[in-house]
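Trainee: My questions will all concern the structure given below.
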Amino acid sequence: MTIQDFENALHSDCFEDWMMSNFGLFITPGAPRAAAIRDQIVVCMGIPTITTHIMGLPGAGYLDIFDAATNNIGKCAHTGLYNNVGAGGPIVALTAINNIVQDYFCKLAAGYNSEFFGIVILLDVENLDPASPFNGIPFPRRQSLDLKVETENNLMLLPGRIKIHEPFHRIKDLAGKESTILNYDIYVVKFEFSNANSKHIYDNFKDKLNYFQNGDFDETLLEKL
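Note that the working numbering has the sequence shown beginning at 7, numbered continuously upward.
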């Protein structure tokens with residue numbers, strides 16, 4: 007599993023056709039968008055050794071994406087309009103990054119030492135208008151643009167920075183009409199499991215992420231390898 011494999015999948019007709027045909031999935035609160043997108047990326051890779059949602063080594067939990075040929079791991083996480091809406095909380099640009107960082111250290115603790123891929127899915131509704139299915143959700147019109155900028159700035163603080171940014175701005179609605187309302191951005195980052203990268207992540211996010219601030223982080227993981 008390489009960056010080129012992700013590029014090939016995200017640029018493929020296979021993936022674009024699927025994105026354009028699933029408007030209902032993307033506008034439904036609580037729908038498993040991250041899992042669906044993750045699974046379709048792997049389908050469009052078309053590589054038999056790469057699978058999704060399988061049990062990892064003891065203590066590792068499930069692996070979102072796993073390549074049996076390389077032991078490379080991928081974690082898929084969603085940041086977008088619906089995050090925390092049910093609880094009345096704000097949109098948080100660090101939601102997906104927090105999940106990715108936590109998964110990196112979980113897999114490191116379990117003994118993985120190959121390459122780690124983080125896939126961030128960002129819902130972008132900057133063209134909101136009165137006909138939008140999002141019209142009743144109480145967020146400012148340009149909130150998603152602020153969210154996008156903050157998400158990208160924080161992704162650039164991860165080791166290796168952003169490797170892929172693929173926007174999908176032509177998703178069709180349920181009537182088959184192209185929508186300018188609903189856009190999706192998918193980002194891919196990649197870095198190795200290493201002490202240097204662990205320290206880089208910790209230094210850049212120790213004051214930002216819940217994972218580091220809630221008291222559960224095991225600092226011995228900074229010297230795991």
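Positions of the beta carbon are idealized from the N, C-alpha and C atoms, including for glycine.
Predicted, not measured: the structure shown is a model, and the values here were computed from it.
What is the residue span of the alpha helix (DSSP H) that residue 206 lies within?
Mentor: Stepping through the sequence shown from its first residue, residue 206 is reached at position 200. Run containing residue 206: 201-211, per the alpha helix (DSSP H) assignment.
Trainee: Sorted by chain position, which residues of the same chain lie with C-beta nearer than 8 Å to residue 227's C-beta, five sequence neighbours on each side aside?
Mentor: The sequence position of residue 227 within the sequence shown is 221, counting from 1. Within the same chain, residue 227 has close Cβ partners 111, 114, 115, 204.
Trainee: In whole angstroms, give me the CA-to-CA distance for residue 154 and residue 68.
Mentor: Taking the first residue of the sequence shown as 1, we reach residue 154 at position 148. Taking the first residue of the sequence shown as 1, we reach residue 68 at position 62. One C-alpha to the other measures close to 28 Å.
Trainee: State the Cα-Cα distance for the pair residue 126 and residue 194, rounded to the nearest angstrom.
Mentor: Taking the sequence shown and counting its residues from 1, one reaches residue 126 at position 120. Taking the sequence shown and counting its residues from 1, one reaches residue 194 at position 188. The straight-line gap from Cα to Cα measures roughly 6 Å.
Trainee: Which residues bound the beta strand (DSSP E) around residue 57?
Mentor: Numbered from 1 along the sequence shown, position 51 holds the residue referred to as residue 57. Its beta strand (DSSP E) spans residues 56-61.
Trainee: Let's see if you can read the secondary structure: which residues bound the beta strand (DSSP E) around residue 13?
Mentor: Here residue 13 is taken as the residue at index 7 of the sequence shown, counted from 1. No beta strand (DSSP E) holds residue 13; the alpha helix (DSSP H) holding it covers 9-16.
Trainee: So is residue 25 buried or exposed if we call it buried at 16+ other beta carbons inside 10 Å?
Mentor: Residue mapping note: residue 25 aligns to position 19 of the sequence shown, counting from 1. Burial call: buried.
Trainee: Would you call residue 216 buried or exposed, if buried means 16 or more other Cβ atoms sit within 10 Å of its Cβ?
Mentor: The count along the sequence shown starts at 1 and reaches residue 216 at position 210. Counting Cβ neighbours within 10 Å, residue 216 comes out exposed, since fewer than 16 surround it.
Trainee: Going by the beta-carbon positions, is the gap between residue 72 and residue 57 smaller than 8 Å?
Mentor: If you number the sequence shown from 1, residue 72 lands on position 66. If you number the sequence shown from 1, residue 57 lands on position 51. Cβ atoms of residue 72 and residue 57: closer than 8 Å.
Trainee: Using beta-carbon positions only, say whether residue 124 and residue 63 come within less than 8 Å of one another.
Mentor: Along the sequence shown, one-based indexing puts residue 124 at 118. Along the sequence shown, one-based indexing puts residue 63 at 57. No. Outside cutoff.
Trainee: Use the C-beta contact count for residue 167: other C-beta atoms within 10 angstroms, 16 or more gives buried, fewer gives exposed.
Mentor: Taking the sequence shown and counting its residues from 1, one reaches residue 167 at position 161. Exposed, since its Cβ has fewer than 16 Cβ neighbours within 10 Å.
Trainee: Can you tell me whether residue 60 is buried or exposed, with buried defined as 16 or more other CB within 10 angstroms of its CB?
Mentor: For the purposes of this step, residue 60 is identified with residue 54 of the sequence shown, where counting begins at 1. Residue 60 is exposed by the Cβ-count criterion.
Trainee: Should residue 51 go down as buried or exposed, given a rule of 16 or more other Cβ atoms within 10 Å for buried?
Mentor: The residue labelled residue 51 in the question sits at position 45 within the sequence shown. Buried, since its Cβ has 16 or more Cβ neighbours within 10 Å.
Trainee: Which of the three DSSP states, helix, strand or coil, is assigned to residue 235?
Mentor: Missing from the structure shown is residue 235; the chain here goes from 7 to 231 and no further.
Trainee: According to DSSP, simplified to helix, strand and coil, what is residue 31?
Mentor: As a working mapping, residue 31 is identified with position 25 in the sequence shown. Reduced to three states, the DSSP call for residue 31 is helix.
Trainee: Return the bridge partner residues of residue 50 from the DSSP annotation.
Mentor: Counted from its first residue, the sequence shown places residue 50 at position 44. Paired residue(s): none; residue 50 is not in a bridge.
Trainee: Specify the secondary structure class of residue 129 as computed by DSSP and reduced to three states.
Mentor: The sequence position of residue 129 within the sequence shown is 123, counting from 1. DSSP places residue 129 in strand when its eight states are reduced to three.
Trainee: Just the Cα atoms here: how many angstroms apart are residue 96 and residue 165?
Mentor: As a working note, residue 96 is residue 90 in the sequence shown. As a working note, residue 165 is residue 159 in the sequence shown. Any reading at residue 96 needs caution, since the residue's pLDDT is 45, under 50, leaving its predicted position unreliable; the model's value is listed next. Those two C-alpha atoms are separated by around 27 Å.
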